[in-house]
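Number of protein chains: 2
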Amino acid sequence: MPYLKRQASCPEPIDCKILTAALNLFVKSGYHNVSIHKIQEEADVSIGSIYRHFNGKEGVAQALYKHILNELDELIDDVIANTQAPAKQIEEIIKQLFEHTETHPEIISYIFHTKHVEFLPNEPLMFDAEPFTRIKNIIKLSIDSNKASEMELQINNSLIMGSVTKLIQLRLDGLAKKPLVESLDILLEKLWQGLGVDLET
Amino acid sequence: MPYLKRQASCPEPIDCKILTAALNLFVKSGYHNVSIHKIQEEADVSIGSIYRHFNGKEGVAQALYKHILNELDELIDDVIANTQAPAKQIEEIIKQLFEHTETHPEIISYIFHTKHVEFLPNEPLMFDAEPFTRIKNIIKLSIDSNKASEMELQINNSLIMGSVTKLIQLRLDGLAKKPLVESLDILLEKLWQGLGVDLET
DNA sequence: GTCTATACGCTGATAGAC
DNA sequence: GTCTATCAGCGTATAGAC
Chain A
1 MPYLKRQASC
11 PEPIDCKILT
21 AALNLFVKSG
31 YHNVSIHKIQ
41 EEADVSIGSI
51 YRHFNGKEGV
61 AQALYKHILN
71 ELDELIDDVI
81 ANTQAPAKQI
91 EEIIKQLFEH
101 TETHPEIISY
111 IFHTKHVEFL
121 PNEPLMFDAE
131 PFTRIKNIIK
141 LSIDSNKASE
151 MELQINNSLI
161 MGSVTKLIQL
171 RLDGLAKKPL
181 VESLDILLEK
191 LWQGLGVDLE
201 T
Chain B
202 MPYLKRQASC
212 PEPIDCKILT
222 AALNLFVKSG
232 YHNVSIHKIQ
242 EEADVSIGSI
252 YRHFNGKEGV
262 AQALYKHILN
272 ELDELIDDVI
282 ANTQAPAKQI
292 EEIIKQLFEH
302 TETHPEIISY
312 IFHTKHVEFL
322 PNEPLMFDAE
332 PFTRIKNIIK
342 LSIDSNKASE
352 MELQINNSLI
362 MGSVTKLIQL
372 RLDGLAKKPL
382 VESLDILLEK
392 LWQGLGVDLE
402 T
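Here it is as structure tokens:
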């Protein structure tokens with residue numbers, strides 16, 4: 001996740017200024033507590049520009065949302081390209097999410113700590129978005145459960161993503177004192193044990 | 202959780218009308234997308250009354266919050282009174298939360314699916330609120346880990362409450378097709394296995 | 001393309017009658 | 001205690017100058 005400044009999806013520098021400012025404000029105060037005027041001030045551009053580029057506040061939030069989901073998607077691409085076993089891929093994804101929680105908390109917060117439905121009612125539910133369905137699939141593969149029911153898959157998914165999400169939120173809220181990476185090994189051990197996955201095979 | 206209509210904490214019928222209306226609207230549209238006028242309409246009372254009883258919209262949300270946390274607290278009281286082993290207590294709490302997700306989805310949604318910080322900035326973070334710290338303690342007891350580190354406790358807690366929360370959210374969002382109670386046994390089996398708890402002892 | 005000033009609607013809040 | 005009518009402020013969105 002090369003962050004928002006990356007050239008590819010942020011060709012216009014002014015786009016980045018707006019997105020970055022909005023991201024920080026949204027994460028700090030929540031979407032509804034941030035006015036366009038605030039964004040304008042923080043980004044040091046005019047309101048007119050915000051409308052020209054994103055067609056208003058909701059447009060900014062939407063662009064931000066898609067942008068970040070995209071970066072998450074690319075993170076998964078990278079992991080898949082560099083790791084064979086599905087279980088190892090899951091481990092790597094979790095590790096990178098934990099690392100990003102330290103280095104880019106705003107991005108992680110915007111994804112894992114925000115209720116998008118309340119201001120982006122037309123977007124699909126987040127866990128129906130592509131990166132998360134992909135993760136769900138990898139989990140399915142990693143637990144080699146040919147005959148696992150739909151329900152069991154959902155439980156497995158909830159165990160993994162639920163605990164990961166919860167830890168991330170605790171960390172973002174300051175309730176987890178140490179960087180999550182330090183919890184990684186213990187977490188994985190308990191997860192695989194619960195899911196009956198033997199990593200040595 | 203005798204729901205909002207209970208006499209004890211809802212002596213005034215008009216209080217209940219307001220709280221119930223507000224709860225439904227908040228859950229459906231999100232706090233910021235609900236105006237006082239909407240609440241007034243839905244509750245079929247005057248704006249003046251809302252101010253008289255709760256001192257405005259935020260007051261309603263706050264009362265609702267405390268009220269529901271209270272009911273959750275009493276649910277825990279009941280479980281503790283009727284169940285000995287901590288691990289069994291946890292199981293019972295989860296079971297009841299799953300059941301309430303079917304019978305009173307709005308209440309569960311308001312607790313598990315809402316970001317209160319964005320409109321109740323003065324309330325403590327939810328997982329610092331009493332019922333959740335109590336649950337955390339029961340989890341600690343159930344896993345008989347005298348020498349478990351703070352970090353390990355946090356991981357255990359995240360595994361249990363994280364997966365439970367995630368399942369509840371999937372259910373509330375309509376992504377889990379079946380009532381969660383049907384998932385209970387499998388979930389518990391995987392949880393205890395992951396946490397190294399032997400229920401037969 | 002970028003900016004500023006302005007208009008309009010909505011929301012929270014109050015005052016005052018009953 | 002309950003209600004209705006009204007106000008003030010803010011937030012979004014636009015129009016038009018540069």
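Chains A and B, in that order, are what the protein sequence lines are. Per our numbering, residue 1 is the first one in the first sequence, and the count goes up by one each step. Per our numbering, residue 202 is the first one in the second sequence, and the count goes up by one each step. The beta carbon of each residue, even a glycine, is placed where N, CA and C say it ideally should be.
The beta carbon of E106 (chain A) sits no closer than 8 angstroms to any beta carbon of chain B. For F98 (chain A), the CB contacts under 7 angstroms within the same chain, skipping 5 residues up- and downstream, are L180, V181 and L184 in chain order. Per the C-alpha coordinates, the member of B:I361, B:D374, B:T334 and B:P322 positioned closest to G397 (chain B) is B:I361.
Against chain B, a Cβ distance below 8 angstroms from S183 (chain A) picks out M352, Q355 and I356.
In this model, H67 (chain A) and Y252 (chain B) are separated by some 42 angstroms (Cα to Cα). Between the alpha carbons of T221 (chain B) and V228 (chain B) lies a distance of about 11 angstroms. For L125 (chain A), the nearest beta carbon of chain B is closer than 8 angstroms to its own beta carbon. Taking 8 angstroms as the CB threshold, K115 (chain A) lines the interface with chain B. Assignment of alpha helix (DSSP H) within the segment 74–145 of chain A, counting only whole runs of 4 or more residues, yields 86–103, 105–112 and 130–142 in chain order. The beta carbons of L69 (chain A) and P131 (chain A) sit about 6 angstroms from each other, so the pair counts as a contact at 8 angstroms. Below the 9 angstroms Cβ cutoff, chain B contributes no neighbours of K147 (chain A), its closest Cβ being approximately 14 angstroms away. At a C-beta separation below 9 angstroms, H233 (chain B) has these neighbours in chain A: G30, Y31, H32, N33, E118 and F119.
Here the C-alpha atom of S46 (chain A) lies approximately 15 angstroms from the C-alpha atom of E12 (chain A). Put simply, of A:A176, A:N122 and A:N146 the residue whose alpha carbon is nearest the alpha carbon of F328 (chain B) is A:A176. Per the Cβ contact rule, the segment 157–172 of chain A is in contact with the segment 349–369 of chain B (3 or more Cβ pairs under 8 angstroms). Around the beta carbon of K379 (chain B), fewer than 16 other beta carbons lie within 10 angstroms, which makes this residue exposed. Counting only Cβ-Cβ distances below 7 angstroms, A176 (chain A) has contacts in chain B at Q355, in chain order. Residues of chain B with a Cβ closer than 7 angstroms to the Cβ of S163 (chain A) are, in chain order, S359, L360, G363 and S364. One Cα belongs to V280 (chain B), the other to I18 (chain A), and the distance between them is close to 51 angstroms. Shown here, D245 (chain B) sits in coil according to DSSP, grouped into three states, outside any helix or strand. DSSP places S230 (chain B) in the helix class (H, G or I) of the three-state scheme. Taken atom to atom, the span from the alpha-carbon of P121 (chain A) to that of Q285 (chain B) is near 45 angstroms.
Contact between A63 (chain A) and I39 (chain A) does not hold, since their C-beta atoms are separated by about 12 angstroms, which reaches or exceeds 8 angstroms. Legend: CB atoms of the segment 65–77 of chain A lying less than 7 angstroms from CB atoms of chain B are not found in any residue.
L371 (chain B) sits close to Q154 (chain A), with the two beta carbons spaced by under 8 angstroms. Interface criterion met: the Cβ of I186 (chain A) is under 8 angstroms from a Cβ in chain B. Look at C16 (chain A) here: in three-state DSSP terms it is helix. Shown here, V60 (chain A) sits in a helix according to DSSP, grouped into three states.
In terms of Cβ geometry, Q193 (chain A) and I138 (chain A) do not form a close pair [threshold 8 angstroms]. In this structure I108 (chain A) is in contact with L172 (chain A), their Cβ atoms being roughly 7 angstroms apart against a cut-off of 8 angstroms.
Leaving aside the five residues that flank Y65 (chain A) on each side, the residues in its chain whose CB is nearer than 7 angstroms to its CB run, in chain order, H116, L120 and E123. Contact of K296 (chain B) with chain A is not assigned, every C-beta pair being separated by 8 angstroms or more. For H104 (chain A) and E390 (chain B), the gap between their C-alpha atoms comes out near 36 angstroms. Listed in chain order, the positions of the segment 388–399 of chain B with a beta carbon within less than 7 angstroms of a beta carbon of chain A are L388, K391, L392, Q394, G395 and L396.
The three-state reading of DSSP puts E200 (chain A) in coil, since its state is none of H, G, I, E or B. The beta carbon of R335 (chain B) sits closer than 6 angstroms to those of I277, all from its chain and outside the five residues before and after it, given in chain order.
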